[in-house]
Amino acid sequence: MKILHFHKNEAKLVVENLDDLWYLSNMIDVGDVVEGRTFRKIKIGGEDERSQKIVKKPVFLKIDAEKVEFHRYSDVLRVSGKVAEGKEDIPKGSYHTFNVEEGTTFTITKPEWLKYQRQRLEEASREKRPDTLICVFDREEAYIALMKKYGFDVVAELKGDVAKKADVKQSSRNFYDEIISSLQEYVKRHDIKHVILGSPAFWKEELLKSLKDQELKKMIVLATCSSCDKGAINEVLKRPEVQSVLQQDRIASEINLVEELLSEISKQGAAAYGVDETENAVNAGAAKVLLITDEFIQRMRQEEKFSRINDIMKAADRTGSDIRIISSEHDGGKRLDGLGGIAAILRYKMNF
19 MKILHFHKNE
29 AKLVVENLDD
39 LWYLSNMIDV
49 GDVVEGRTFR
59 KIKIGGEDER
69 SQKIVKKPVF
79 LKIDAEKVEF
89 HRYSDVLRVS
99 GKVAEGKEDI
109 PKGSYHTFNV
119 EEGTTFTITK
129 PEWLKYQRQR
139 LEEASREKRP
149 DTLICVFDRE
159 EAYIALMKKY
169 GFDVVAELKG
179 DVAKKADVKQ
189 SSRNFYDEII
199 SSLQEYVKRH
209 DIKHVILGSP
219 AFWKEELLKS
229 LKDQELKKMI
239 VLATCSSCDK
249 GAINEVLKRP
259 EVQSVLQQDR
269 IASEINLVEE
279 LLSEISKQGA
289 AAYGVDETEN
299 AVNAGAAKVL
309 LITDEFIQRM
319 RQEEKFSRIN
329 DIMKAADRTG
339 SDIRIISSEH
349 DGGKRLDGLG
359 GIAAILRYKM
369 NF
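All the letters of the sequence shown, read from the start, carry residue numbers 19 to 370 under my numbering.
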């Protein structure tokens, strides 16, 4: 994300990639003012619907945000609300949706930018394109995933032949060639710097032996997983041999924080979870790190219960807590959702 300017309560931004939309979905609140150029769909033609066609007309809009929607597998962030200002034919006070996409230049004005929101904005402006590919496989199937800032996207699923015992080596070798070919394609397409190769047993070492591409071989880090499915990707992300590659990565950091939280909970230590416990800990100034999943935030907004959560986040900001919004896409986020979607690692143990 590019920050064109940040002055007082106003930030003018340019969306540079789809990961920016995830950051923005957790940054734009109800009551914020969003303004910029967007597109309005207009029907032109006669009264007969068959002769009509829909065209997109660029319009300038200023909207008081009432609803923010982002679906991870779409390429648009939708901000809906009342029109505060429109220079074309959209009357003030009417409802409209502002679509934020890759390449959109727009302005967010907030009553107050919290410290963690400013930090996330700076973080998004520093982020580079994801440069890590993960492949988990055995002799029957393979999953290739591209790391994203909010989780990972499975970009390929490959199926091998389950051969008779006499043909296992030949069948596996052919499947290895298919996996290697796919890895080479995605490395080139996404300018990948690191490839994490995970498998049960010895399959990863066998594939590495058959790999002749020396440039690709230099990128590879081997990891062990107990199975081969999409869940194995989360398992690989926790492996110590992978941490050196992912130590600067948001996902690895998020998973480690959730693991720390679960460790404290298991020994009845310095942790709080659920809305009530977490709110009490934050208000007491005991929260060192406040953890909230993006799924929980979206759900609270949809149920119109976000004001309480927003107050907790503001209190955490005032008392110096590190506020971390955790993606529900990876295993760490899913486990945090299982605890209610909100928790805190504490500075000291509290009795609730």
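Every residue, glycine too, gets a C-beta built ideally from N, C-alpha and C.
Please look up how many angstroms separate the CB atoms of residue i and residue j, rounded, as I've assumed it's under 8 Å.
i	j	result
isoleucine 360	phenylalanine 314	6 Å
isoleucine 273	glycine 358	In fact, because the Cβ distance is near 18 Å, the residues do not count as touching under 8 Å.
valine 276	glutamate 259	Actually they do not touch by this definition, with Cβ atoms about 20 Å apart.
Could you give the DSSP three-state label for residue i: helix, strand or coil?
i	result
aspartate 329	helix
threonine 337	coil
alanine 184	The predicted position of alanine 184 is uncertain, since its pLDDT is 45 and thus under 50; a value taken from the coordinates is nonetheless stated next. Correct three-state label for alanine 184: helix.
histidine 208	helix
lysine 171	Correcting the residue type first, residue 171 is aspartate in the shown sequence and not lysine. Residue state, collapsed to three classes: strand.
alanine 160	strand
valine 33	coil
aspartate 47	coil
proline 76	strand
alanine 241	strand
methionine 318	helix
glutamate 347	coil
serine 92	coil
phenylalanine 24	strand
lysine 323	coil
serine 250	Serine is not the amino acid found at residue 250; the sequence shown has alanine there. Of the three classes helix, strand and coil, the one that applies to alanine 250 here is helix, per DSSP.
aspartate 82	strand
Looking only at its own chain, which residues have a Cβ that is under 7 Å from the Cβ of residue i, when we skip the five neighbours before and after it?
i	result
serine 245	Pro218
alanine 184	Any answer about alanine 184 is weak, because its pLDDT of 45 lies below 50 and its placement is not dependable; what the coordinates show is given next. Excluding positions up to five away in sequence, the list is empty.
phenylalanine 36	The amino acid at residue 36 is misidentified as phenylalanine; the sequence shows leucine. Answer for leucine 36: Asp93, Glu120, listed in chain order.
cysteine 243	Val154, Gly216, Ser217, Pro218, Ala250, Glu253, Val254
alanine 142	Met19, Asp38, Tyr41
Using C-beta distances below 8 Å, list every residue in its chain close to residue i, excluding the 5 sequence neighbours before and after it, in chain order.
i	result
arginine 138	Tyr41, Asn44, Met45, Ile343
histidine 348	Gly169, Phe170, Asn252, Leu255, Ile269, Glu272, Ile273
aspartate 312	Trp40, Ser43, Asn44, Tyr168, Ile343, Ile344, Ser345, Ser346, Gly351
lysine 211	Asp149, Thr150, Met237
glycine 111	Lys100, Val101
Excluding sequence positions up to five away, which residues of its chain have a Cβ less than 6 Å from the Cβ of residue i?
i	result
valine 186	For valine 186, the predicted model reports a pLDDT of 48, less than 50, meaning its position is unreliable and no value from the coordinates is stated.
glutamate 87	Arg96
aspartate 247	none
glycine 99	Ile81, Asp82, Ala83, Glu84
arginine 353	Val276
Does the segment 112-131 come within contact of the segment 192-208, defined as at least 3 CB pairs closer than 8 Å? With a cut-off of 8 Å, the segment 192-208 and the segment 112-131 do not count as touching, because too few Cβ pairs lie within range.
Counting only runs that start and end within the segment 101-135, where is the beta strand (DSSP E) found for 3 or more residues in a row? 113-118, 123-127
Stretch-stretch touch, CB-based, cutoff 8 Å, three pairs: the segment 330-338 with the segment 274-285: The segment 330-338, when compared against the segment 274-285, does not touch it at the 8 Å Cβ threshold.
Given 8 Å, three or more beta-carbon pairs between the segment 159-176 and the segment 230-238: no
Are the segment 218-229 and the segment 153-164 touching by the rule of at least three beta carbon pairs closer than 8 Å? Between the segment 218-229 and the segment 153-164, the count of Cβ pairs shorter than 8 Å is three or higher; the stretches touch.
Counting only runs of 4+ residues fully inside the segment 261-299, write out the alpha helix (DSSP H) ranges in chain order. Taking only runs of at least 4 residues, the alpha helix (DSSP H) segments lying wholly in the segment 261-299 are 268-284.
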